[in-house]
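This report concerns only the one structure given below.
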Amino acid sequence: MAAVERRKRRGEKQSGFLLALPALLWLTVFFLLPVFIVLIVSFMTRGRGGLAEMPFTLANYERVFDVFLIVIQNSLWIALLTTIICLVVGYPLAFFISTRQSSRTRTFALFMIMLPFWTNFLVRTYAIQSILGREGILNTFFQSMGFIIEPLRLLNTPEAVLIGLVYGFLPFMVLPIYASVERFDFRFVEAAHDLGANDIRAFLRVVFPLTLPGVIAGCILVFIPAIGAFVTPDLLGGTKGIMIGNLIQQQFRGSGNQPLGSALSIVLMAMVMLALLIYIRFGDQEG
Numbered sequence: 169m170a171a172v173e174r175r176k177r178r179g180e181k182q183s184g185f186l187l188a189l190p191a192l193l194w195l196t197v198f199f200l201l202p203v204f205i206v207l208i209v210s211f212m213t214r215g216r217g218g219l220a221e222m223p224f225t226l227a228n229y230e231r232v233f234d235v236f237l238i239v240i241q242n243s244l245w246i247a248l249l250t251t252i253i254c255l256v257v258g259y260p261l262a263f264f265i266s267t268r269q270s271s272r273t274r275t276f277a278l279f280m281i282m283l284p285f286w287t288n289f290l291v292r293t294y295a296i297q298s299i300l301g302r303e304g305i306l307n308t309f310f311q312s313m314g315f316i317i318e319p320l321r322l323l324n325t326p327e328a329v330l331i332g333l334v335y336g337f338l339p340f341m342v343l344p345i346y347a348s349v350e351r352f353d354f355r356f357v358e359a360a361h362d363l364g365a366n367d368i369r370a371f372l373r374v375v376f377p378l379t380l381p382g383v384i385a386g387c388i389l390v391f392i393p394a395i396g397a398f399v400t401p402d403l404l405g406g407t408k409g410i411m412i413g414n415l416i417q418q419q420f421r422g423s424g425n426q427p428l429g430s431a432l433s434i435v436l437m438a439m440v441m442l443a444l445l446i447y448i449r450f451g452d453q454e455g
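The opening position of the sequence shown corresponds to residue 169 in my numbering, with each subsequent residue numbered one higher.
In structure tokens, the structure reads:
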């Protein structure tokens with residue numbers, strides 16, 4: 169019987185491997201292999217036309233952490249601010265939606281949150297650009313109301329980049345938190361009140377810890393695309409909103425510097441992997 173059971177388990181493992189083989193091949197060819205190529209190129213020397221050539225060198229990484237360190241720090245800061253603002257705005261919004269008694273109201277609210285995804289991200293960024301422009305909606309409104317005389321400079325600033333990123337990634341914060349709050353048993357809050365806790369203490373000691381997995385998932389889903397964003401900083405920030413994604417794009421265009429761009433890409437991937445490790449470590453905890 170033991171031999172039969174072992175053969176059965178071996179057959180199940182072989183069947184599972186065969187089922188997963190197409191996905192493994194796809195990941196190897198279109199993910200692992202390109203990452204390996206980028207890693208190798210990042211140690212090579214810039215040649216004619218910005219292409220990579222021998223010999224190997226560490227100069228690209230030295231330049232990344234010397235010349236472009238301020239850009240990396242700025243990218244981390246903008247992504248962190250975006251995540252914090254999305255959390256401060258998204259958590260109350262998700263909590264409000266999930267606690268509505270009417271199923272129709274919750275469905276409509278979720279529909280409104282998902283509605284921007286029906287439009288291309290580039291088009292939405294151009295819409296923000298038209299709102300914040302010198303002759304955009306905000307400046308026109310403020311001037312017509314007499315609040316300002318000269319148009320405000322809202323475009324081509326770090327603040328414009330922050331507004332665009334928050335607008336673009338806020339749904340990624342709301343939806344995971346909504347899923348966590350939706351599963352939350354509010355009898356725990358009643359029990360906390362019975363034990364003498366006020367609303368603030370009940371939230372900090374009961375509600376927030378039990379919805380923390382959704383918060384962590386939302387933070388990761390916002391932070392990772394925000395730190396590598398290049399369309400929003402390019403259109404809304406100009407030269408004052410440059411981030412690591414813009415640098416990488418510039419190095420692979422025209423006669424740029426492919427080894428330097430590859431080194432920047434590896435550094436960006438390392439930061440993303442660190443964020444994923446944090447999620448793996450804390451994201452599945454239920455408080």
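We treat Cβ as the ideally placed atom computed from N, Cα and C, and that holds for glycine.
Inter-residue Cα distance where the pair is residue i and residue j
i: S266; j: N307; result: 36 angstroms
i: F391; j: R369; result: 28 angstroms
i: K408; j: L244; result: 15 angstroms
i: T251; j: R177; result: 45 angstroms
i: F185; j: F233; result: 42 angstroms
i: L436; j: I416; result: 9 angstroms
i: L404; j: N324; result: 5 angstroms
i: G304; j: A365; result: 49 angstroms
i: V256; j: Y335; result: 13 angstroms
i: T287; j: A347; result: 24 angstroms
i: L444; j: I388; result: 7 angstroms
i: F198; j: A191; result: 10 angstroms
Spatial neighbours of residue i in its chain, beta-carbon cut-off 7 angstroms, leaving aside the 5 residues before and after
i: L410; result: For clarity, residue 410 is Ile in the given sequence; the question names Leu instead. So the list reads V239, P401, once near-sequence residues are dropped.
i: A361; result: With the sequence shown as reference, residue 361 is identified as His, and Ala is not the correct amino acid for it. Correct list, in chain order: A370.
i: V329; result: I246, T400, P401, L404, G405, G409
Secondary structure of residue i, DSSP reduced to three states
i: E230; result: helix
i: A462; result: Examination of residue 462 is not possible in this model, given that the chain is present from 169 through 455 alone.
i: A328; result: helix
i: E350; result: helix
i: R272; result: helix
i: R421; result: coil
i: A365; result: coil
i: T213; result: strand
Cβ neighbours of residue i in the same chain (closer than 8 angstroms, five flanking residues each side left out)
i: V209; result: A220, Q426, P427, S430
Distance between beta carbons of residue j and residue i, contact taken as under 8 angstroms
i: T356; j: V374; result: For the sequence presented, residue 356 should be read as Phe rather than Thr. Indeed, because the Cβ distance is near 5 angstroms, the residues count as touching under 8 angstroms.
i: S285; j: P339; result: A quick correction: the sequence has Phe, not Ser, at residue 285. So it is a contact: roughly 7 angstroms between Cβ atoms.
i: P393; j: F337; result: 6 angstroms
i: F211; j: T225; result: 7 angstroms
6 angstroms Cβ shell around residue i - same chain, five flanking residues per side excluded
i: F261; result: It should be noted that the sequence gives Leu, not Phe, for residue 261. The answer, listed in chain order, is V342.
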